Amino acid sequence: MPDYQMKEVKKFDYQRPGIVNGYTDQTLYINLSDHRIEIKPVAPQTKKTFIGGKGYDLWLLWNAVQPSTRWNDPENALCIAAGPLGGTPIYPGSGKSIVATLSPTTASAMDSNVGGYFGPYLKFSGFDAMEIQGKSAKEIVVFIDGVNQKVQIFETRGLPDNAYELSAVLTDNFAQGKPRNISVVSTGPGAKNTLIGCLNFTWYDPKRKRARYKQAGRGGVGTVFADKGLKAVVACWDNVTADTNNPADKTRLKDVAKMHSREITQLDPKQNEMAKIGTTHLVTIMNDHDLLPTHNFRYGQHAQAPNLGQEVYRRLFDPGFDGCWMGCTVACSHGIKDFVPLTGPYKGKKVFVDGPEYETIAGCGSNLGIFDPHTVAEINFYCDAYGLDTISVGTGIAFAMECFEMGLINESHTGGVDLHFGNRLAALELVHQMAVGKGFGQIIGQGVRKMKAIFANDFGADPDIMQDIGMEAKGLEFSEYMTKESLAQQGGYGLALKGPQHDEAWLIFLDMVHNFMPTFEQKAEALHWFPMFRTWFGLCGLCKLPWNDIIPEDNKDTAEPAKVMKHVQWYADYFSAITGNEAGPDDLIKMSETVYNFQRIFNLRMGFGRRQQDDIPYRAVGPVTEHEYESRAERYDKQLTETYKVNIDGKSIAEKLATLRQRREEQYEKLKDAVYKRRGWTPEGIPTLKTVKRLGIDFAEVVELLKANGVNS
Amino acid sequence: MIQVAGKQIAWREGMTVSDLLSEIKDPHPYAVVRIDAQYVTRPNFEHTLVPDDSEVFLIPMIAGG
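Protein chains in written order, with the numbering used here: chain Y, 7 to 719; chain H, 6 to 70.
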């Protein structure tokens, strides 16, 4: 007998619609306060405008909340969607789910994408998206059973708290002998006790006979989930084939899918070997180019970085086929078998670690001055099990460590924890504290923006220096790339709608290493096209890795190698084949542009979405301290004299630092101007009436909002 | 002999990655190559030797996470 109870409090039978060209044309609504379950039709105009995935999420969220709604209000909605192409098993990278909600750290619309089987299973069960509102005082498990066409709400007691065990228990509970039919969305105790909780989405690994998971990490989506009283949402679906999405043109789908899939199989072994080492190759590559964040983004390089590189993880990863969605030939979701943590509740026990990926290695390794791959694996394991975002954990602890080393905080504030960079046990201890919401870890779990306020108000720390070194923008912690030498990537982070995450535009190499965009206009064009194309993946339920991480051998000879246009055309064919709506590359951009502008306006509606919210801390732009300047003095001196034509003879480091800062900050402001103009926004960063009209989002509410914010023409 | 992007190239003593890239006359601005399982980045092209009998993969682009 299991040592947990699940009491059904609501059962909702429904008739599953047939999927037509990737769509079910309905969404699932669940209210946890009164256990209401409803099905909402998707209006044709909504489908045309918002496409699916993140577009549907944002539209549902927009209608669920008011400008006054806060993240922990019952009316905040947590939305999850696949997309019209999501769930196609023959096209690589087609299993993404997109989560959207009002974030506890940014207070605005957050979106986070994730692998695993949930989004496709939700759709095949009959729902293009789901929307969860309300809150429950009791722990709730929602079960969406597409096979038997019912949705159940259970009140539960005694289920495991951490996602590692919870995923396994619930998979077993609902599988009825078919664990591959189950996908569990859950979080952990850290999500309840911090503002930086993540969601774990499972996929069943038949070879290892275990539920594996991927994370929707950013912006505290797990915290919203936990605050609603949700223990888990589980989806069940059975057989998946190329027919399940009922594509408009199956022959065309098969042809394009075969081309892309075969190309990856042929070229990945010759390129980055993601099927063997995931994204770990990036560690040493970033390090060699001075782009790997170390010591809270002070520097981009460290002699010990190779300890965290692909050569090490190649040996640590358990070999096998590791696709987080069926049939994906990128298969980059690697893990470490029989890992034995040295701390915490699993101390001395063998566990399976899902990961680490590059972001976790850089965030919880080099950026903390930790160059031990086992410590990174242990932090990775506990963050997942506790439901914590490894990026925010890493960037948050890094900030606290630098404050400690600068003397802005001391052991009397940290509860006696020595927070010098490189202290592995301290980093792990803080993660365990975040899980229970105690000690200094509880403060770190509030995120960098709130930490800055607490350190200033309660500990008397200097707010100005913390503003420079606290690596957050819009309330979201930076992901793990150095941007000091890439103006385009400063924009890639600073102008990203939800905050500094690299999933809008990763332009560092194109800008800094390949020099593909030397002018402001070229940077602005890149900061238009790349965020738009990457948004499209989120609309359709796709992973971006097959687009530009394995690329055609003749790509380098094309007119715009950075865009990998051969693949963009394949994606247009893929979209056309599934949906029956003929689309070319420009149409994909237009689809995204509509949703992208709508999200910017959503930010405006919530009190943000203006120029000042696109500011970034100076640490992302240039050297903050004299020591940082001196460490790369030749580079900075050269820029002052050659680029800015400044006579630096006789100038002190402090004077040079100040001059460089002034010039670099001016450049960033000019970049904002160029990008806003290219995107059809006002100098204040707000979409113009002409832009919203062109994109078909000139709803009365939108127009009224723009006018209220001074946009009249 | 070494194999570069699927083609056989004569190896010589002291050959660096930079030498190799000049020799094959490929103008693409490679930032990274892989020699068997070892990644070599542009800052190290000048002083990284290409071993005999190795296979060199030219990584066309680094696209981030």
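Glycine included, C-beta positions come from ideal geometry on N, C-alpha and C.
Computed from a prediction, not measured in an experiment: that's the story for all the values here.
Next item on the list: Please report the Cβ distance between residue 311/Y and residue 377/Y, rounded to the nearest whole angstrom; I am assuming they are in contact, meaning their Cβ atoms lie under 8 angstroms.
Entry: 7 angstroms
Notebook entry, point to check: Can you give the Cα-Cα distance for residue 563/Y and residue 10/H, rounded to whole angstroms?
Noted result: 15 angstroms
Check: Residues of chain H with CB under 7 angstroms from residue 178/Y, in chain order?
Finding: Correct list: empty, because the minimum Cβ distance to chain H is about 33 angstroms.
Notebook entry, point to check: In whole angstroms, what separates the C-alpha of residue 230/Y from that of residue 566/Y?
Noted result: 41 angstroms
Check: What are the start and end residues of the alpha helix (DSSP H) that includes residue 341/Y?
Finding: Where residue 341/Y is concerned, there is no enclosing alpha helix (DSSP H), although the beta strand (DSSP E) it sits in stretches over 341-345.
Next item on the list: Can you tell me which of the three DSSP states residue 277/Y falls into?
Entry: coil
Margin query: Let me see if you follow: with CB-CB separation under 8 angstroms, is residue 554/Y close to chain H or not?
Written below: yes
Check: Is the region 430-445 of chain Y in contact with the region 389-403 of chain Y, if contact means three or more CB pairs nearer than 8 angstroms?
Finding: yes
Note to self: Determine whether the beta carbon atoms of residue 641/Y and residue 711/Y lie at a separation below 8 angstroms.
What the structure shows: no
Check: Going by the CB atoms, is the gap between residue 407/Y and residue 425/Y shorter than 8 angstroms?
Finding: yes
Margin query: Distance check for residue 651/Y and residue 485/Y, CA to CA, integer angstroms please.
Written below: 33 angstroms
Notebook entry, point to check: Does residue 17/H have its Cβ less than 8 angstroms from a Cβ in chain Y?
Noted result: no
Next item on the list: Quick one: list the residues of chain H neighbouring residue 276/Y, beta-carbon separation under 7 angstroms, in chain order.
Entry: 62
Check: Can you name the start and end residues of the beta strand (DSSP E) that residue 103/Y belongs to?
Finding: 103-108
Check: For residue 479/Y, which option in 208/Y, 624/Y, 543/Y and 607/Y has the closest C-alpha, if you only look at C-alpha atoms?
Finding: 624/Y
Item checked: 4-residue-minimum alpha helix (DSSP H) runs that sit fully inside the region 381-463 of chain Y, ordered along the chain -> 396-412, 417-420, 430-442 and 445-450
Next item on the list: Report the neighbours of residue 53/H on chain Y: residues whose CB is nearer than 9 angstroms to its CB, in chain order.
Entry: Chain Y residues near residue 53/H: none, gap ~11 angstroms exceeds 9 angstroms.
Checklist line | Alpha-carbon to alpha-carbon, residue 147/Y and residue 72/Y | finding: 27 angstroms
Next item on the list: Compute the Euclidean distance between the alpha carbons of residue 352/Y and residue 314/Y, then round it to the nearest angstrom.
Entry: 23 angstroms
Margin query: Quick check on residue 241/Y: does DSSP put it in helix, strand or coil?
Written below: strand
Item checked: Close beta carbons around residue 400/Y, own chain, < 6 angstroms, minus the five adjacent residues each side -> 369, 370 and 373
Item checked: Contacts around residue 483/Y, its chain only, beta-carbon distance under 7 angstroms, and the 5 residues preceding and following it disregarded -> 397, 398, 401, 402, 453, 454 and 477
Check: Using CA coordinates, which residue listed in 333/Y, 83/Y and 241/Y is at the minimum distance from residue 1/Y?
Finding: The first residue shown for chain Y is 7 and the last is 719, placing residue 1/Y beyond what the model contains.
Notebook entry, point to check: Under the rule that 16 or more other beta-carbon atoms within 10 Å means buried, what is residue 495/Y, buried or exposed?
Noted result: buried
Checklist line | Cβ of residue 316/Y within 8 angstroms of any chain H Cβ | finding: yes
Next item on the list: Find out if the Cβ-Cβ distance for the pair residue 78/Y, residue 233/Y is shorter than 8 angstroms.
Entry: yes
Item checked: Contacts around residue 282/Y, its chain only, beta-carbon distance under 7 angstroms, and the 5 residues preceding and following it disregarded -> 320
Notebook entry, point to check: Helix, strand or coil: how does DSSP classify residue 584/Y here?
Noted result: helix
Notebook entry, point to check: What are the boundary residues of the alpha helix (DSSP H) that residue 546/Y is part of?
Noted result: 526-546
Notebook entry, point to check: So which residues on chain H does residue 519/Y lean against when the C-beta distance must stay under 8 angstroms?
Noted result: 34, 36, 47 and 67
Check: Alpha carbon to alpha carbon, how far is residue 6/H from residue 295/Y?
Finding: 30 angstroms
Item checked: Residue span of the beta strand (DSSP E) that contains residue 63/H, given as start and end -> 60-64
Next item on the list: Flag this pair as touching only if the region 251-265 of chain Y and the region 210-219 of chain Y have three or more C-beta atom pairs under 8 angstroms; answer yes or no.
Entry: no
Next item on the list: Can you give me the Cβ contacts of residue 217/Y inside the same chain, cut-off strictly under 6 angstroms, excluding the 5 residues immediately before and after it?
Entry: 173, 174, 177, 208 and 210
Check: Can you give the beta carbon distance from residue 544/Y to residue 129/Y, rounded, assuming they're within the 8 angstroms contact cut?
Finding: In fact, because the Cβ distance is near 15 angstroms, the residues do not count as touching under 8 angstroms.
Checklist line | Neighbour flag for residue 373/Y against chain H, beta carbons, 8 angstroms | finding: no
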